[in-house]
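Counted from 1, the sequence shown has number 256 at position 212 by this note's numbering; the numbering is strictly sequential. Here's the structure we're looking at; comments come further down.
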Amino acid sequence: MTIVVTGGAGFIGSNFVLDWLGALAEPVVVVDKLTYAGNLGNIAEFADDPRLRFEHCDICDGAAMARVFAAHAPRAVVHFAAETHVDRSIDDAGAFLRTNVEGTFRLLDAALGYWRGLSPVAASEFRFLHVSTDEVYGTLGPDGAPFTETHPHRPNSPYSATKAAADHLVRAWFQTYGLPVLTTNCSNNYGPRQFPEKLIPLMILNALAGKALPLYGDGCNVRDWIYVADHCAGVRRVLETGDPGEVYNLGGGQEKTNIAVVRAVCARLDEVRPRPDGKTYADQLVFVKDRPGHDRRYAIDVSKAERTLDWKPAHTFEAGIATTVDWYLANGAWVASVKTGAYRNWIARQYAGIEP
Ligand code: NAD
Ligand code: DAU
Numbered sequence: 045m046t047i048v049v050t051g052g053a054g055f056i057g058s059n060f061v062l063d064w065l066g067a068l069a070e071p072v073v074v075v076d077k078l079t080y081a082g083n084l085g086n087i088a089e090f091a092d093d094p095r096l097r098f099e100h101c102d103i104c105d106g107a108a109m110a111r112v113f114a115a116h117a118p119r120a121v122v123h124f125a126a127e128t129h130v131d132r133s134i135d136d137a138g139a140f141l142r143t144n145v146e147g148t149f150r151l152l153d154a155a156l157g158y159w160r161g162l163s164p165v166a167a168s169e170f171r172f173l174h175v176s177t178d179e180v181y182g183t184l185g186p187d188g189a190p191f192t193e194t195h196p197h198r199p200n201s202p203y204s205a206t207k208a209a210a211d212h213l214v215r216a217w218f219q220t221y222g223l224p225v226l227t228t229n230c231s232n233n234y235g236p237r238q239f240p241e242k243l244i245p246l247m248i249l250n251a252l253a254g255k256a257l258p259l260y261g262d263g264c265n266v267r268d269w270i271y272v273a274d275h276c277a278g279v280r281r282v283l284e285t286g287d288p289g290e291v292y293n294l295g296g297g298q299e300k301t302n303i304a305v306v307r308a309v310c311a312r313l314d315e316v317r318p319r320p321d322g323k324t325y326a327d328q329l330v331f332v333k334d335r336p337g338h339d340r341r342y343a344i345d346v347s348k349a350e351r352t353l354d355w356k357p358a359h360t361f362e363a364g365i366a367t368t369v370d371w372y373l374a375n376g377a378w379v380a381s382v383k384t385g386a387y388r389n390w391i392a393r394q395y396a397g398i399e400p
């Protein structure tokens, strides 16, 4: 038996692969294009382990996907591969349309062709698990009830619109063709190996570099934060026990304003790596122009997953932030390896004119 993990060299995918190979005997085939966000160093720990195989492929390449299914005969696909950064989708949505919509279609199509050739038992046990986001549900007011799985899709950014499109394709492949799919919609992840364009790692690295900590708008937008290992555990539970055709919300149950998140990062840094001048890193906070179409609040109702999967997040926000900050402090070589010229160009363009 084996599983295919698309996007397994990215942030959540690599955490999923490391957790999987650390706990289970079953091999994993990582399918990854290695975009700016994919890094084989993320899974280097298992580079010499025969249970880890790597296919350097674009999910938009239908023939390559068909070959991967034929060559590895997986019992399941866990589909993480995507373009994931909202600000980049605002800057240029093309890659998001290609990978998140066309790529998901090509992968579904290849999976369907493979699944149709399986024995009845293998076909009934096969799973296609699509990893999606709470952003497909849109935005909430301060008193809005957390998103349930039946909340309508109301995406507001180019990124979330492409993820919503992918959710609909996955649903259609179940309704129309009977492919045994599962969908998870998760809230904001944080933890080791997150690419430093996202809020938490960007703030850690900017703080250490003495740069500004740029908060969009009034800094009071709210996200629900989940430690990445808890998300990965939820995905494993859905894969093991979820019902085909069903959608499962996953989240940390820890709603925070962005300013509270950045203050928590600063407090941990003040504790473990104090500034040489004795001041707090929070002095580096600045308010900058808001993100266009910036969703005000996400909150997610995970009662279905807790009830039906016997899963719940294990990490508090405080413990997860401490582990995350400490990981970035201890992994300078990883940080240096992902700060390529392309990364530096993005940061220079996105944050032009913001001084510490
Ligand atoms: P990431 O950007 O860190 O990694 C994405 C990975 O996909 C990279 O390894 C990249 O090389 C690969 N990839 C991109 N385009 C590809 C293509 N065309 N073919 C093959 N591989 C390709 O992303 P992440 O934050 O780890 O997110 C993983 C998944 O989880 C995404 O589907 C995302 O929508 C979803 N998600 C993320 C969060 C979050 O907070 N980060 C929350 C909920 C859901
Ligand atoms: O909710 C799940 C989603 O969470 C995932 O589907 C996405 O892939 C992931 O990128 C994340 O999207 P967000 O837009 O919420 O994450 P980001 O880290 O970009 O921003 C978090 C919040 O912080 C958001 O309200 C915008 C704000 N922000 C972000 C950056 C990069 C700032 O205030 N300043 C910044 O410099």
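The beta-carbon is built from N, C-alpha and C at its ideal position, and this holds for glycine as well. Only a predicted model underlies this, so the values are computations on that prediction, with no experimental measurement involved.
THR368 is positioned such that its CB atom lies closer than 9 Å to that of GLN238. ILE270 carries a strand assignment under DSSP once its states are collapsed to helix, strand and coil. At a Cβ-Cβ threshold of 9 Å, ALA209 and ASN144 count as neighbours. Here GLU179 is near ASP339, since their CB atoms are less than 9 Å apart. ARG341 sits close to ARG267, with the two beta carbons spaced by under 9 Å.
Taking the Cβ of LYS207 as the reference point, at least one heavy atom of the ligand DAU falls within a distance shorter than 8 Å. By the 16-neighbour rule on beta-carbons within 10 angstroms, MET45 is exposed. Taking the C-beta atoms as reference points, LYS348 is found nearer than 9 Å to ASN293. Between the C-alpha atoms of LYS323 and VAL330 there is a straight-line separation of about 16 Å. Here the segment 126-140 does not lie against the segment 159-170, with fewer than 3 beta-carbon pairs under 8 Å apart. Taking each of ALA343, LEU84, GLU169, VAL74 in turn and checking the Cα distance to LEU96, the smallest one comes out for VAL74. LYS348: member of the alpha helix (DSSP H) spanning 347-353, first to last residue. The distance from the Cβ of ALA253 to that of CYS310 is about 14 Å, inconsistent with a contact at the 8 Å cut-off. Assignment of beta-bridge partners to VAL379 by DSSP yields no partner. Annotation: ASN59 is outside any beta strand (DSSP E); the continuous alpha helix (DSSP H) that includes it extends over 55-67. The three-state secondary structure of ARG281, taken from DSSP, is helix.
Its chain contains SER176, THR177, ASP178, VAL180, TYR181, PHE191, GLU193, ASP211, VAL291, TYR292, ASN293, LEU294, ILE344 as the residues whose beta carbon lies nearer than 8 Å to that of ASN229, once the 5 sequence neighbours on both sides are disregarded; these appear in chain order. Among the bridge pairs identified by DSSP, LEU257 is matched with LEU329. Closest option to CYS276, judged by alpha-carbon separation, among LEU223, LEU249, LYS356, GLY397: LYS356. If the five residues before and after VAL130 are omitted, its C-beta is found closer than 6 Å to the C-beta atoms of SER201, TYR203, all from its own chain and listed in chain order.
Sorting TRP390, ALA120, GLY222, ALA380 by C-alpha distance to the C-alpha of LYS242 places TRP390 at the top.
Considering only LEU283, SER133, ASP187, ALA216, the residue with the shortest C-alpha distance to PRO336 is SER133. Per DSSP, the unbroken beta strand (DSSP E) holding HIS123 starts and ends at 120-123. The ligand NAD has no heavy atom closer than 8 Å to the beta-carbon of ARG215.
The residues ALA210, LEU213, in chain order, have a CB closer than 6 Å to that of THR148 in the same chain once the five nearest residues on each side in sequence are set aside. When DSSP states are grouped into helix, strand and coil, ASP211 belongs to the helix group. Judged by DSSP in its simplified three-state form, GLU146 adopts helix. Shortest Cα-Cα distance from PHE55 to any of GLY188, PRO288, PRO240 involves PRO240.
Residue pairing for PHE172: DSSP places it in a beta bridge opposite VAL121, VAL225.
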